[in-house]
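Below: the structure, in structure tokens.
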Ligand code: GRF
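Numbering (the working numbering), first residue to last: 2 to 197.
Following this line, the structure appears as structure tokens:
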């Protein structure tokens with residue numbers, strides 16, 4: 002059985018979409034794959050509630066607990082890796098996981114680490130993608146599923162979805178339109194990788 006570990010920080014709606022799709026499509030039977038754990042860097046991440054309610058194993062590795070260590074980022078990533086590796090993952094899925102990962106973490110999961118980013122990469126890496134797209138007068142926006150490399154929001158593109166930008170859009174209305182598409186392309190991209 003292939004193991005999937007999903008990392009979240011907040012609402013976890015992309016994680017929920019993947020969990021729902023895995024259950025609806027019976028990935029265990031058809032892809033020989035299971036979601037082994039949902040891990041958050043925040044104990045109060047709303048997504049944990051959904052994950053537990055849907056029978057997922059959950060864990061929290063709180064990045065704040067490492068703040069006083071000499072190398073907090075490395076220490077957190079080492080603890081996170083240790084937790085993830087108890088599940089022997091074939092695929093680690095970042096789903097609204099709001100941490101910049103160390104090169105060591107990225108190298109450890111080379112070929113097994115993917116992310117979804119709410120823009121049409123390579124446009125608008127980083128934060129506030131929707132506000133920046135509106136500011137630039139973009140006529141289209143979207144989301145990208147990509148492999149994770151040491152450079153933030155770079156790496157091979159696995160899937161994209163495009164939505165129109167409407168004249169009365171705010172960052173919030175645009176984000177909501179893009180998010181609906183994220184929920185479609187992310188489970189599909191995960192399934193495609195597992196079927197490979
Ligand atoms: C999504 O737009 C995701 O692409 C971004 O954070 C947003 C929230 O995602 N990284 P979720 O509801 O926590 O999945």
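C-beta atoms are modelled at their ideal positions from N, C-alpha and C, and glycine is treated no differently.
- By the C-beta density criterion, residue 196 is exposed, having fewer than 16 other C-beta atoms within 10 angstroms.
- At the C-beta level, residue 53 and residue 10 stay beyond 7 Å of one another.
- By the neighbour-count criterion, in which a residue is buried when 16 or more other Cβ atoms sit within 10 angstroms of its Cβ, residue 152 is exposed.
- Residue 38 and residue 61 have their C-alpha atoms spaced approximately 11 Å apart.
- By the 16-neighbour rule on beta-carbons within 10 angstroms, residue 128 is exposed.
- Under the DSSP assignment, residue 145 falls in the beta strand (DSSP E) whose first and last residues are 141 to 148.
- 7 Å or more divides the Cβ of residue 70 from the Cβ of residue 79.
- Boundaries of the alpha helix (DSSP H) harbouring residue 132: 130 to 136, taken from the DSSP string.
- Remark: the C-beta of residue 97 is in contact range of ligand 1, defined as less than 6 Å to any heavy atom.
- Taken through DSSP and simplified to helix, strand or coil, residue 64 comes out as helix.
- Per the C-alpha coordinates, the member of 19, 17 and 13 positioned closest to residue 45 is 13.
- In this structure, the CA atom of residue 110 is about 10 Å from the CA atom of residue 104.
- By a beta-carbon distance limit of 8 Å, residue 48 contacts residue 41. Their separation comes to about 7 Å.
- Residue pairing for residue 59: DSSP places it in a beta bridge opposite 39.
- Shown here, residue 179 sits in a helix according to DSSP, grouped into three states.
- In terms of Cα proximity to residue 29, the closest of 118, 87 and 5 is 5.
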